[in-house]
Amino acid sequence: MELAKAYNPKDVEARRYDWWDKQGFFKPEAQRYLDPNEKQFVITIPPPNVTGTLHMGHALTLAIEDLMTRYARMKGARTLWVPGTDHAGIATQAIVEKKLEKAGKRRRDMSRSDFLEEVWEWKDYSHKVITQQCKAMGISVDWQREAFTMDDDRSHAVMTAFKQLYDKGLIYRANRMVNWDPVQLTGVSDLEVEVAEDGEPGFLWTIRYPIETNRWDGPRHEWGSGRWAEGATEWITVSTTRPETLLGDTCIAVNPEDDRYVMRVACHAYVPCAARRIPIVADKHVDPSFGTGAVKVTPAHDFNDYEIGVRHQLPFVEVMDEHARMNAEAGPYAGLDRYACRKQLVADLEKEGLLVKVEDYMVRLGRGQRSGAVIEPRISMQWFCNMQGMGKAATDAVRDGRMKIVPERFERTWFHWLDNIRDWCISRQLWWGHQIPVWYVSPELSAVSHEPSRPTQYCEVSEAAAYAKAIADWGPDVRLLRDTDVLDTWFSSGLWPFSTLGWPDVNHPDFKAYYPNAMLETGYDIIFFWVARMVMLGIELTGNIPFDTVYLHGLIRTADGKKMSKSRPDKMIDPLELIDTYGTDAVRYFLVTAGAPGNDIKMDARKEGGKWRSDRMEGARNFANKLWNATRFVLTKIENEKLKIENSSALQATNLPDRWILTRLNQTIADVRRLSDEYQYGEAGKLIYEFIWSDYCDWYLEMSKLSLNLPVLVHVLDSALRLLHPFMPYVTEELWQALKEVASGKWQVAGGEYPSLMLAAYPKVDEAVLGAQGSALADMALLQETIRAIRNVRSEYKVPLEKRIPAILSAGAAAAMLSEQREAIAMLARVDAAAFHIAENVPAPDQCVTAALGEITAYLPLAGLVDVSAERARLSSELEMTINLISRSETLLASDFVKRAPPAVIEKERAKLAELIAKREQMQIQLTKLS
RNA sequence: GGGGAUGUAGCUCAGUUGGUUAGAGCGUUGCGUUGACAUCGCAAAGGUCACAGGUUCGAGUCCUGUCAUUCCCA
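Right, here's the structure in full:
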């Protein structure tokens, strides 16, 4: 295989992905390398919503999860990653409605089934786009196990889960106050209401209500006449941010401790306009410091007031309809929108002399997560799921260590939320979703006589089953009507890790083999929406935690640190665009190494010429290219040496660079494995980068040009490709295939038995190599320092690259080792081999530039090039720095440090001091020579 | 009101049991292109680790407080 001069991702990616997929390599059954000591790895994709296309957050999720999956697979764990998508109830319905609106159609003019047909069509389109994007990311999911939250199997799981919870009494129906979205016309859960941190600009109105007295017992004039409160002498004044709700007031509450109002308790006031006679009650939840200390209470339109209403057995007067328009109860304001009513009512209050004052006020408004509409608390009939017991089970799982959350700090959030969990409103007044599997006996349609002893409501997994039960109770003429509500989309997501594996069929081979999952990986922003619900429902329905570990990643932010929100499409980045520019491997490498676990990632992307650019992705792309070219070099060497090699596969590390690179390789393997096992992928990725670029390319490859050890050269490259594969799957696979083609049969190390790198074994530490390293690391460090010191001097004195210079090394104990590496030093530091002397102890010559490195001193006779005074200045300042370090070290060694610090640390410090002292002496000698 | 996170080089960020002169990439400066790679090489400059205390032989790392930015919950 001939490799291009530079890595071009487009030549590789689609072709490789298709090949992996067609060969079936993503399936657990296809694995070649299995290590019996590795625990199987099962993970289920967080199903993307079929609302359109994927964004950077999805790309991050996929990059991390594919890394986890490929790493586990190569380590020899039986590995399954299940893909799928989510129907995303409200979000998808809203998108389709908007789309229809553009075509002049409205949902309410259509039949339910016609509308759903439109949604399914959209779902197919979105699903296709998402699938393509997932494939572009290179994810190794088992496509044959793909699921959708509303496909037949998942729907069956949802119906079954509902029925099981219903039968246990954990799901119930109640007429209660819920968060109502007056735009989408549905109830939503607490989690779907968003409140701006500092509130939104609004007003606080202070209004007085006339109090009933002996001389005045209510208004005698029309509202709006300006004489409505005529005759009233006593008043109670309240503050509110929502004056229009006063039409539904059924009491006024004060704090029982509040001296200003105690005498008013048990009196009655009259509601402006409505003229309803309402009591003044004492309730200890009233905050005396808010407003006037007295509050109006509207039990049907406010959560706090609802509680007060229940406590004091007040009437619940609804004054608004589902669109948040005033209803008949609102009298003259009936038919007005809540805000139009507010405006009109305030004007009328003023006219009647009831408005005391208006102040600017920051109002904490709840808004619907999807619609942005101001949420209206509203009493309505809804289905709820009791969370008490499930919440406790979910906290217990973490508390007793059965389930781990990474990073650990999210455990606190976990406990706090679950310990205070409230019942979950699971019904939605939508069309797109799982219709609630409850059927009611229809009195109108049924030709049966009603008896109160017979059940009127059936929860079954299918209509047929419901009818079977109903007919048994009522006879064949009974007619049932299905509940029209659908379930919160998170209800089906909450079953995901087991509904995708065949549950409720507990004998399904996938469920038996792969449940519970090993890992759940997602962004921390849906820890409550999704993760908590899966854990609670998983424990309740399967009796087992759904996964052992939860790994939470951070959020992708824009360059200015803001959330990437759909309301600012100019800031949204399409991952495909970046893939197009830099290649998938670069995008993935960036994403997994950009930050630490759980921390947000600020994109460094900027728009340039209409295209997104990212410096960090460019760096990652360059890395892929570096590896590409290093491999090209190795392949050339193999080709050149072909005839000489025969079948020698022995890894013999004879010289220093070989021993060193093998040691570094094994250190890297150990660290990368350790870090990856701790989910520190960023650090692991950086170590591989450093190893490949700095150690292998910059040093080993260069030195191999002098003395070639092909088996080692190939082995290290092979290992590096394996190490990097989970991070950069495409380029590594492509290069590994090329390497295998040329090297296999000659080197076992190239893994000829594996058809793909993704099925090859992840490198393991070779203890023998680490045991036999001897002084390789220290020697190589000395060698590198020596070469760098000479290069440094050359650079400082601007000696041209082509000029070979003479050099004298006074190397002490390192003389023998450096002599062996004489040629390497000469090549890498551009020293004139004919004028290169290395000895244990060389007296300082005249007219030299000196580079002192502790025990080793390099003298570079650069006659003519060197300005003596400049060299003196350079040496003096370096000497000064050395002296400072010596005194610091001496002070430390004279302190309690020697009594308390561990011996190894003290030893290190002593060796450092000795080196510094030697360095100081050399420089002093040289300075006197130059004077 | 409660809880969390962040504050380290010009920029973006690493730094997990406390232990060399605190690291990387990008950017900057200087030098360098015929042999793997200019998507490159070599060298350099650049940081009182937000601030103030404390614990310790030793603190970017642990504790307390302050300030700034930010997120979640009520």
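As numbered in the numbering used here, residues 482 to 1412 make up the first sequence, in order. For every residue, glycine included, the Cβ atom is placed at its ideal position computed from N, Cα and C. For clarity, every value in this text was computed on a predicted model and none was experimentally measured.
Our two residues, M1308 and P1383, have alpha carbons roughly 42 Å apart in a direct line. Contact between M1015 and P997 is ruled out by a C-beta separation of about 11 Å, above the 8 Å threshold. Pairing A1257 with R1140 gives a Cβ-Cβ distance under 8 Å. DSSP places W661 inside the beta strand (DSSP E), whose first and last residues are 652-662. Taken atom to atom, the span from the alpha-carbon of E1002 to that of M537 is near 15 Å. In this structure the stretch 537-553 does not touch the stretch 592-610; the number of beta carbon pairs closer than 8 Å is below three. The Cβ neighbour count for D633, taken over all protein chains shown within 10 Å, is under 16; the residue is labelled exposed.
Between the alpha carbons of P700 and V676 lies a distance of about 39 Å. Relative to Q625, the option among Y514, W716, E510 whose CA is nearest is E510. With contacts defined as CB atoms closer than 8 Å, Y751 and P796 fail to qualify as a contacting pair. For E840, the three-state secondary structure derived from DSSP is strand.
Minimum Cα-Cα distance from K838 among the listed residues A1075, T965, P724 corresponds to P724. Across the structure, R851 and A572 are spaced so that their CA atoms are roughly 6 Å apart.
With contacts defined as CB atoms closer than 8 Å, Y1070 and G1166 qualify as a contacting pair. When the Cα atoms are used, R1303 and L1198 turn out to be separated by approximately 26 Å. Considering only D964, I1367, L561, the residue with the shortest C-alpha distance to M862 is D964. In the structure shown, R1038 falls within a strand segment according to DSSP collapsed to helix, strand and coil. T641 places its beta carbon 8 Å or farther from that of H568. Counting only runs of 3 or more residues that sit fully inside the stretch 904-973, the beta strand (DSSP E) segments are 919-922, 938-940, 961-963, in chain order.
Per DSSP, the beta bridge partners of A1332 are A1339. Separation of A1077 and N736 (C-alpha to C-alpha, rounded to the nearest whole angstrom) is 49 Å.
Measuring C-alpha to C-alpha distances from A1224 to each of L1282, Y1243, E1183, K1118 identifies K1118 as the nearest. With respect to the 8 Å criterion, M1098 and V1068 are classified as neighbours on the basis of their beta carbons.
Leaving aside the five residues that flank V610 on each side, the residues in its chain whose CB is nearer than 7 Å to its CB run, in chain order, T534. Annotation for S923: R960, L961, L962 place their beta carbon closer than 7 Å to its own, counting only its chain and skipping 5 residues before and after. A distance below 7 Å between beta-carbons, with the five flanking residues on each side excluded, links D954 to the following residues of its chain, in chain order: R935, P936.
Counting along the chain, V776 sits inside the beta strand (DSSP E) bounded by residues 775-778. Under the three-state reduction of DSSP, H793 is assigned to coil, being neither helix nor strand. Considering only M868, N867, L1202, T894, the residue with the shortest C-alpha distance to V879 is T894. Under the 10 Å beta carbon count, R551 is surrounded by 16 or more other beta carbons and is classified as buried. Under the 10 Å beta carbon count, S636 is surrounded by 16 or more other beta carbons and is classified as buried. The three-state secondary structure of L1290, taken from DSSP, is strand.
Comparing alpha carbon positions, the residue from L1116, V1349, A1259 closest to T1144 is A1259.
Under the three-state reduction of DSSP, M1209 is assigned to coil, being neither helix nor strand.
From the listed residues L1238, P1244, M1298, the smallest Cα separation to Q1265 is found for M1298. Under the 10 Å beta carbon count, T1213 is surrounded by 16 or more other beta carbons and is classified as buried.
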